[in-house]
Amino acid sequence: MANVLVVAEHLNGQLRKVTNATVAFAKQAAGLTGGQVHVLVLGSGIGGVVEEAAKSGADKVLFEDSAVFTNYLAENHGPAVAKVAQDIGATIVCAASSTFGKDLLPAVAAHLSAGMVSDATKVWDDGGLKFMRPLWAGNVLTTVEVTTPVKVITVRTTEFDALPESGPAPSEAVATGVGGTDAAEFVNFDQVKSERPELTDADVIVAGGRGLKSAENFGMIMELADLLSGAVGASRAAVDSGYAPNDWQIGQTGKVVAPNLYFAVAISGAIQHLAGMKGSKTIVAINTNAEAPIFQVADYGLVADAFAVVPELTEKLKALGV
Amino acid sequence: MKILTTVKRVTDPDMKVKIKPDGTGIVTDGVEYKMNSFDEYGVEEAIVLKQNHGGEVVVVSVGPSASTKEIRTALAMGADRGILVETDAELDSDAVARVLAEVVKKEQPDIIVMGKQAVDSDRNQAGQMLAAYLGYPQATFAYSLEVADGWATVGREVDGGTSTKRIKLPGIVTADLRLNEPRYASLPGIMKAKRKPLETMTPDDLGVDVTSKVRVIKYEAPEERQAGRIVETVDELIEVLRNEAKAI
């Protein structure tokens, strides 16, 4: 019964894609432990999410449709996930290394007295399960082992590709008996409404840095992103300066992304930014300073003033019918 | 109000980390250390809470004896007294949380404000584990914090936007970037800090076995990306993106 439990993440009645990548990790892990992959969906009105999760490549979907779980609270989800993990004999409990997974899984680990690995990028077995994880802003990789029978893992989802859609796995209702905390209240979620793809899902990302000098100047970044059906990102410096919302932040303390094409515009390339984007397939850097560290990781560099070349690039791509 | 805040001594994040040739750790010779940057936000917020509500700020560190420097920095910023739980052991977040839980039981603070993650180990676990061990509520990734009537209202940075959560105190808040602007220690602050109480104890004193549940077996450097090439014009950039990288 060395099963692997994946905690599903969902928003507005849809399974988030990071969960599919987490299932891919879980399948690899289950192949090593000889167990099954079970996905746990907690929420209310979650029928659609359960259906999506059943096609993720998992062996089974477990769910509890309850008003207790309408809004996510670690205080309710934590004990519930721990209970289900014990009930199914899970030796690995995992979730995406998103703000949801980062908030929830340490609580689960404490409830289970389990060791925890954040941001796992690999799993293998060489006489014991091993995990790889980055630290020091991605400048160091460590191989770690967890000495407790149950291992709790957040998964760096950019390292795992979602499995092809499978025939629906069986689903089963569970009852965790969690009654709901009176020490914490969800007040609201203010979603940034955007027609653009999510940063962690985007094929193309155009990111701007402090060199853009103002929030208004992010307009040209958005224009190029929209032309390429991409997402908009920002460096921590740009977020700190108030030019861009925190949700756009890419780097050690923001999001980790790995699109096909990444434009770093007026971003110098601090270590902590590189930590979030150096897994991108093709990197283009545009910066006036030829010495900027971003050029050390870029496939193509253009030493130029972003205010001149970004609009030019957008116009020329439009003219080419891109 | 009694406020507890935590600091970790970390390698200076602006310095390049070097790995020992045998992969057993990082090179520590000549390395400079400072307070974890997220803890600066936590300490600042603790001091702001004291300014607004009165009370006491206790700053705690778990780590080697040299961590007294980071505690003194927090005292110089305005914290009232320090506690060092001294250990040279390699700690996972679980061990840190179990130590902090015992300190909290002794100190009985009304609120605990911590950095959301340390910029060396990048784990982002200790605050949440501490909350679970104590049975306290948690509000992570805070960009705003207000305390009234025994509850904290916390604006949180989450994927896809922001969220607001209320927690009943005592509870744990972990700080994200926009929470405040950490102050610099003033010269009088630094002088005063030297006379502020700093208590040292060990995990043994607290009855905590700090054996980690996660063991690091090997350190290595990631494969470095090779620098590509400089293009001269937008036309050339479009040409290579279309025909060479086939990215557009």
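Here the protein sequences line up with chains G and L, keeping their order. In the working numbering, each number is its position in the first sequence, counted from 1, plus 36. In the working numbering, each number is its position in the second sequence, counted from 1, plus 62. Think of the CB as a built atom: it goes at the ideal place given N, C-alpha and C, for glycine as much as any other residue.
Run of the alpha helix (DSSP H) containing residue i, from where it starts to where it stops
i       : result
L137(L) : T130 to M139
E285(L) : E285(L) -> no alpha helix (DSSP H), and no H or E assigned at all.
L162(L) : S155 to E169
A294(G) : Run containing A294(G): none; DSSP gives neither H nor E here.
K352(G) : A342 to A355
E88(G)  : G83 to A90
N48(G)  : Note, N48(G): premise wrong, no alpha helix (DSSP H); not H, not E.
F61(G)  : K53 to T69
G337(G) : Unbroken run through G337(G) is the beta strand (DSSP E), Y336 to V339; no alpha helix (DSSP H).
L310(G) : I307 to M313
Nearest-angstrom Cα separation, counted from residue j out to residue i
i       : j       : result
V43(G)  : I252(L) : 47 angstroms
V161(L) : A334(G) : 44 angstroms
P75(L)  : F167(G) : 24 angstroms
V216(L) : E106(L) : 16 angstroms
A163(L) : E208(L) : 24 angstroms
M63(L)  : Y279(G) : 36 angstroms
L356(G) : T350(G) : 10 angstroms
A103(G) : G79(G)  : 7 angstroms
L137(L) : A251(G) : 37 angstroms
E282(L) : V180(G) : 12 angstroms
I319(L) : T264(L) : The structure shown does not extend to residue 319(L), since chain L is modelled only from 63 to 310, so the question has no answer here.
Y198(L) : V77(G)  : 24 angstroms
A261(G) : A267(G) : 6 angstroms
T127(G) : E306(L) : 46 angstroms
F105(G) : R228(L) : 16 angstroms
V276(L) : K187(G) : 9 angstroms
M139(L) : A247(L) : 5 angstroms
L66(L)  : P244(L) : 16 angstroms
Close Cβ partners of residue i (< 6 angstroms) along its chain, the five nearest in sequence each way excluded
i       : result
A57(G)  : T193, F196 and A198
F29(G)  : Residue 29(G) is absent from the structure shown; chain G starts at 37 and stops at 358.
S118(L) : The amino acid occupying residue 118(L) in the given sequence is Glu; Ser does not appear at that position. Within the same chain, E118(L) has close Cβ partners K64 and D142.
E201(G) : K91
A151(L) : V272
A300(G) : A243, A321 and I330
L241(L) : Y103, E107, A204 and Y205
A309(L) : L303
G189(L) : M176, I234 and T236
Cβ neighbours of residue i in the same chain (closer than 8 angstroms, five flanking residues each side left out)
i       : result
T183(G) : G151
A128(L) : R71 and Y95
L68(G)  : V159, W160, D161 and L165
V181(L) : V72, P75, N98, S99 and F100
K138(G) : S154 and T190
V176(G) : P170
L260(L) : T130, I133, R134, L137, R143, G144, I145 and L146
Contact set for residue i: own chain, Cβ-Cβ below 7 angstroms, skip 5 residues either direction
i       : result
V293(L) : L299 and V302
T212(G) : E100, A116, K119 and V120
G114(G) : L140, A143, V144 and H147
A173(G) : Q288, I307, Q308 and A311
G70(G)  : A38
L263(G) : T350, L353, K354 and V358
L196(L) : A163 and V166
Residue i - containing beta strand (DSSP E), residue span
i       : result
I364(G) : What the structure shows of chain G is the stretch from 37 to 358, and residue 364(G) is not part of that stretch, so it cannot be assessed.
A267(G) : A267 to A270
M176(L) : I173 to G177
T73(L)  : R71 to T73
T295(L) : Here T295(L) belongs to no beta strand (DSSP E), and DSSP marks it neither H nor E.
Y103(L) : Careful: Y103(L) lies outside any beta strand (DSSP E), inside the alpha helix (DSSP H) at S99 to H115.
V358(G) : Run containing V358(G): none; DSSP gives neither H nor E here.
L99(G)  : Position check: residue 99(G) holds Phe in this sequence, whereas Leu was assumed. Residues K96 to D101.
V120(L) : E118 to G125
M263(L) : L260 to M263
L146(L) : R143 to E148
W160(G) : K158 to D161
CB of residue i within 8 angstroms of CB of residue j, strictly
i       : j       : result
E111(G) : T190(G) : no
V27(G)  : V144(G) : The displayed coordinates of chain G run from 37 to 358. Any statement about residue 27(G) would go beyond what the structure contains.
L239(L) : T289(G) : yes
E132(L) : M97(L)  : yes
A205(G) : V40(G)  : no
D283(G) : G223(L) : yes
A62(G)  : V73(G)  : yes
N323(G) : G255(G) : no
S265(G) : V240(G) : yes
R291(L) : Y298(G) : no
Chain A contact for residue i (CB, 8 angstroms cutoff)
i       : result
R291(L) : Reference to chain A is not applicable here, since the protein chains of this structure are G and L.
What are the complete alpha helix (DSSP H) segments, minimum 4 residues, inside the region 119-155 of chain G? 135-148
Secondary structure, beta strand (DSSP E): runs of 3+ residues fully inside the region 190-248 of chain L: Unbroken beta strand (DSSP E) stretches of 3 residues or longer found wholly inside the region 190-248 of chain L: 200-210, 213-220, 223-230 and 233-237, given in chain order.
Ignoring anything shorter than 4 residues, give me the alpha helix (DSSP H) runs that lie fully in the region 183-269 of chain G, in order along the chain. 254-263
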